[in-house]
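Novice: Before I ask anything, let me first share the structure, which is written out below as structure tokens.
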Amino acid sequence: MKPIRIALPLLVAAAVLVAAGCGGSDNKVPKDAVAVVDGTVISKADLEALIGRAKKSYTSQKRAFPKAGTAEYQSLQTQAVAFLVQRAEYQKEAAKMKLAVTDKEIEARIDQVRKQYFGGDQKKLDKQLAEQGYTFQAFRDDIDAQLISEKLYDEVTKDAVVSDADIVKYYNENKRQYAVPESREVRHILVKTKAEADRIYNQLRAGGDFAALARKYSLDPGSKSQGGRLTISRGQTVAPFDSTAFLLSKNQISRPVKTQFGYHVIQPISDVKPGTTTPLKDVRAQIRSQLEQTKKSESIQKWAADTKKAYDSKVAYATGFAPPAAATDTTTTG
């Protein structure tokens, strides 16, 4: 069973996570806390619980957990503190936007996890949580935070709308993406040596059965069983094969063609199908989705950066828990 990973995946950006905030605030950090976020206390117990879950995760993956005092442990602790600070910031921003998660929504998400991963068995869920160092309440709290994260994402990106003009503009500027190259159905026989290829070429010129010879002698596993048949697009195969396959007339048999794979005897068995461009109507929905995702990504990244900046003066850290970039400016308990 794979571990359940609950976090804030829709909002966490690396730049925000690395430096969740810096000091300069009038907040004082209590002795049993690691940080204060605009009045919200991040306790040492919160951090220890998160580190404990990380340790359980390392153990389940048979990885050695970093020792306290090492650079690796400090990096892990910094990320954990940053995560807790960021979560507090986002919860405050959600409250300002009047976004809230109901007990019913939390229970529905827990039920979804229970059914999807554990066949609806609460005992199996409890066992998995215990193995990861979770209490059920901690799991519930993380579900709450994830739902808040999703609501924030929806709220922040709700104006990321793509117009028909945006779609047409993108399509016209990127038509090469939608080009379908010319194609052709061919058959070929691949052998190791030119002598073998010459012998097969001569047999074919004398009326030999191409499909039978391909099945008997060809070294190409992808087409051998099909009598050597395959459909290729211009530029899809290695250059000597490609140029020969599209130059020959229909049913004309090539002399042996050398490539890095060996020697080929090639015969086109269809006319060349002209290349086309996929019409806009066939890719409109795809482009809309792509552009919407890009706009949403830009919106959420800007919001996350603006939120971080707004809290720079509202976050204080206890000694030893500030992000490296903020270490010299933090308000601490001393």
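Residues -19 to -1, 1 to 315 in mature numbering (1 follows the signal peptide of the UniProt record, and there is no 0) are what the sequence shown lists, from first letter to last. All C-beta atoms, glycine included, are put in the ideal place defined by N, C-alpha and C.
When you compare the CB positions of Ile250 and Asn232, do they come within less than 8 Å of one another, or not?
Specialist: Yes, these two residues count as a Cβ contact at 8 Å.
Novice: Comparing C-alpha positions only, which one of Val137, Val264, Ile124, Asp201 sits nearest to residue 316?
Specialist: One cannot answer for residue 316 here, as it falls past the ends of the chain, which runs -19 to 315.
Novice: Do three or more CB pairs link the stretch 201 to 219 to the stretch 159 to 170 at distances below 8 Å?
Specialist: Contact holds: three or more Cβ-Cβ distances are below 8 Å.
Novice: Tell me which same chain residues have a C-beta within less than 7 Å of the C-beta of Phe302, skipping the five on either side of it?
Specialist: If we look at Phe302 and ignore the five residues flanking it on each side, its Cβ neighbours are Val15, Ala16, Val62.
Novice: Could you give the uninterrupted runs of the beta strand (DSSP E) lying entirely in the stretch 213 to 248, keeping only those of 3 residues or more?
Specialist: Whole beta strand (DSSP E) segments, 3+ residues: 238 to 240.
Novice: Taking contact to mean 3 or more Cβ pairs, one atom from each stretch, closer than 8 Å, check whether the stretch 68 to 77 and the stretch 280 to 292 are in contact.
Specialist: As far as the Cβ criterion goes, the stretch 68 to 77 touches the stretch 280 to 292, which means the pair count is three or higher.
Novice: Quick one: grab the DSSP three-state call for Tyr182.
Specialist: It is helical.
Novice: Select from Pro304, Ala297, Pro305 the residue whose C-alpha is nearest the C-alpha of Lys9.
Specialist: Measuring from the Cα of Lys9, the nearest candidate turns out to be Ala297.
Novice: So, with DSSP's three-state summary, where would you put Thr138?
Specialist: In this structure, Thr138 counts as coil in the three-state DSSP scheme.
Novice: What ranges does the alpha helix (DSSP H) occupy inside the stretch 69 to 118, keeping only unbroken runs of at least 4 residues that lie completely in it?
Specialist: Runs found: 84 to 99, 103 to 112.
Novice: Check whether the Cβ atoms of Leu80 and Lys132 sit closer than 8 Å, and answer yes or no.
Specialist: Yes, Cβ-Cβ distance for Leu80 and Lys132 is below 8 Å.
Novice: What distance in whole Å lies between the Cβ atoms of Lys156 and Thr258, which are believed to be in contact at a cut-off of 8 Å?
Specialist: Between Lys156 and Thr258 the Cβ distance is about 6 Å, and since that is below 8 Å, they are a contact.
Novice: Measuring CA to CA, which of Asp190, Gly189, Ser199 is closest to Glu177?
Specialist: Among Asp190, Gly189, Ser199, the Cα nearest to that of Glu177 belongs to Ser199.
Novice: Whether or not the stretch 87 to 103 and the stretch 113 to 126 are in contact is what I'm after, with contact meaning three or more pairs of Cβ atoms, one per stretch, closer than 8 Å; do they touch?
Specialist: Counting Cβ pairs under 8 Å, three or more are found: they touch.
Novice: Among the candidates Leu65, Gln113, Ile148, whose CA atom is the shortest distance from the CA of Ser270?
Specialist: Nearest C-alpha to Ser270: Ile148.
Novice: What span of residues does the alpha helix (DSSP H) with Ser280 cover, start to end?
Specialist: Ser280 -> alpha helix (DSSP H) spans 261 to 292.
Novice: Return the Cβ separation of Ala28 and Val82 in integer angstroms, given the expectation that the two are a contact with Cβ distance under 8 Å.
Specialist: It is worth fixing the name first, because residue 28 is Leu in this sequence and not Ala. With 8 Å as the limit, Leu28 and Val82 do not qualify as a contact, their Cβ atoms being about 23 Å apart.
Novice: Return the chain-ordered list of same chain residues with a C-beta closer than 6 Å to the C-beta of Tyr98, the five sequence neighbours on each side being excluded.
Specialist: Contacts found: none.
Novice: Leaving out the 5 sequence neighbours to the left and right, which residues in its chain are closer than 7 Å to Arg186 when beta-carbon positions are compared?
Specialist: So the qualifying residues of the chain are Ile234.
Novice: Using only alpha-carbon positions, find the residue among Arg265, Thr218, Leu194 that is nearest to Gly208.
Specialist: Checking every option, the nearest Cα to that of Gly208 belongs to Leu194.
Novice: Work out the CA separation of Gln93 and Ile23 for me, nearest whole Å.
Specialist: Distance between the alpha carbons of Ile23 and Gln93 is about 29 Å.
Novice: Locate the alpha helix (DSSP H) running through Tyr298, then write down its first and last residues.
Specialist: No alpha helix (DSSP H) contains Tyr298, which is instead part of the beta strand (DSSP E) from 296 to 298.
Novice: DSSP state of Ala49, grouped into three classes?
Specialist: In this structure, Ala49 counts as coil in the three-state DSSP scheme.
Novice: How would you call Thr225, buried or exposed, if buried means at least 16 neighbouring beta carbons within 10 angstroms?
Specialist: Answer is buried; the Cβ neighbour count reaches 16.
Novice: Taking only three categories from DSSP, how would you classify Lys9?
Specialist: Lys9 falls in the coil class under three-state DSSP.
Novice: Determine which residues share a DSSP beta bridge with Ile129 and list them.
Specialist: Its beta-bridge partners do not exist; DSSP assigns none.
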